[in-house]
Amino acid sequence: MKLSIILALITAICAAPAVYSPANFEIRFLLFTRQNRVIEHVMTLGDHQAIQESHFDGSKPTKLIIHGYLDMPELDPWMKLMKDEYLDNGDYNVIIVDWWQGNHGLYDEAVRNTHVTGQVVADMIKDLQSLKGLKLSDVHILGHSLGAHVAGFTGQDLNGQVARITGLDPAGPLFDGLPEKLNPSSALFVDAIHTDADPLIIGLGIHENSGHVDFYPNGGHNQPGCELLPIPCNHLAAPTFYMASLKADNPKGVALQCPDYDTYKAGKCSTTDAVMSATLGEDAIKMSMYKQQTQGTKFFLKTHLLYPFFEG
Ligand SMILES: [Ca+2]
293 MKLSIILALI
303 TAICAAPAVY
313 SPANFEIRFL
323 LFTRQNRVIE
333 HVMTLGDHQA
343 IQESHFDGSK
353 PTKLIIHGYL
363 DMPELDPWMK
373 LMKDEYLDNG
383 DYNVIIVDWW
393 QGNHGLYDEA
403 VRNTHVTGQV
413 VADMIKDLQS
423 LKGLKLSDVH
433 ILGHSLGAHV
443 AGFTGQDLNG
453 QVARITGLDP
463 AGPLFDGLPE
473 KLNPSSALFV
483 DAIHTDADPL
493 IIGLGIHENS
503 GHVDFYPNGG
513 HNQPGCELLP
523 IPCNHLAAPT
533 FYMASLKADN
543 PKGVALQCPD
553 YDTYKAGKCS
563 TTDAVMSATL
573 GEDAIKMSMY
583 KQQTQGTKFF
593 LKTHLLYPFF
603 EG
């Protein structure tokens, strides 16, 4: 084969959009509502009977929670704790997405599986639209680590029309500096919390902004109390902070727009301007005036070592 033909073929392959084969692993959707707070109702893509028979109510807001690498709902309690916080405070459909079968092999394989998992989650959302009256304007997807990028691909598959995606320390390795990842085009509003934005070996989070509004607690690299076990402690701080924001009586995690953490610590970014001040967690949606921005805006705050973390 002539060199020019080979080069043309390589160019064509590189230019073509990536095509991912259907998931060859099971993805389970664990639905919890106020009618079934403790025992999940398991749904899988294509099992329309399970969807029909569920307590899913399309008139209520829906939260989807997606875990990261080497994680599953039975392994780490954060997903079910978050589910409980939501159901304590409101009448939601809460769906925990269990893609353990696609994320416990080699890391690069799990990264490849984020794409197809995102597509399956998008297809499940489409089924919930047609079978249960779900509206994309009521959908909020929260993803931790690799799950943040799964959420991003779900949103991109739904043309960026999901109301909100929250990235909880989105994974850095094999995403940093690359185009395909959670980004502001993934949903109408994207917020992210960065708690371990350091290179691999010492950290697991992405270095770049991921959303319209990006929070960097304690500078975003290392968190109080994580000195002894920095991995995964720093990485898990993002969901911990988010859950603290769900308690109605908790002080608010008020963060200030600032160019960097040193400037913030020097007190040069204190302001009373609402546009310059954002609340980490559930209330970050109040910053939707940033949703037209194509680059994330950085917000910084300090937290305490222990719950409730925030000063208000
Ligand atoms: Ca770190």
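Just remember that my numbering sits 292 ahead of the position in the sequence shown, which is counted from 1. Ideal Cβ positions, reconstructed from N, Cα and C, are used throughout, including at glycine. Note that the structure is predicted; figures quoted are calculated from it, not measured.
DSSP assignment within the stretch 304-368 yields the following whole alpha helix (DSSP H) runs of 4 residues or more, N-terminal first: 340-344.
With a 10 Å radius around the Cβ and a threshold of 16 neighbouring Cβ atoms, D554 comes out exposed.
Collapsing the DSSP output to three states places F445 in a helix. DSSP places K590 in the uninterrupted beta strand (DSSP E) bounded by 589-593. The nearest non-hydrogen atom of ligand 1 is less than 7 Å from the C-beta of D490. In this structure, T406 lies away from V454, with their beta-carbon atoms at least 8 Å apart.
If you check the C-beta of P522 against ligand 1, you find a heavy atom less than 7 Å away. Annotation: S478 to Q448 spans about 5 Å, alpha carbon to alpha carbon. Of the residues D565, M416, A570, D368, the one whose Cα lies closest to the Cα of F348 is M416.
Annotation: A547 to D363 spans about 29 Å, alpha carbon to alpha carbon.
Between the alpha carbons of F533 and G435 lies a gap of roughly 14 Å. Contact annotation: A489 and G459 have beta-carbon atoms that are not nearer than 8 Å. Of the candidates G444, Q421, I387, the residue whose Cα lies closest to the Cα of Q411 is G444.
According to the DSSP assignment, H527 belongs to the alpha helix (DSSP H) that extends over 522-537. Counting C-beta atoms within 10 angstroms of its own C-beta, A576 has 16 or more neighbours from the protein chains shown and is therefore classed as buried.
When DSSP reads this structure, Y508 sits in a beta bridge with F592.
In the structure shown, S477 adopts helical secondary structure according to DSSP, grouped into three states. Membership of S569 in the beta strand (DSSP E) is indicated by the continuous run 569-571. Inter-residue distance for G512 and H486 is about 5 Å (C-alpha atoms, whole angstroms).
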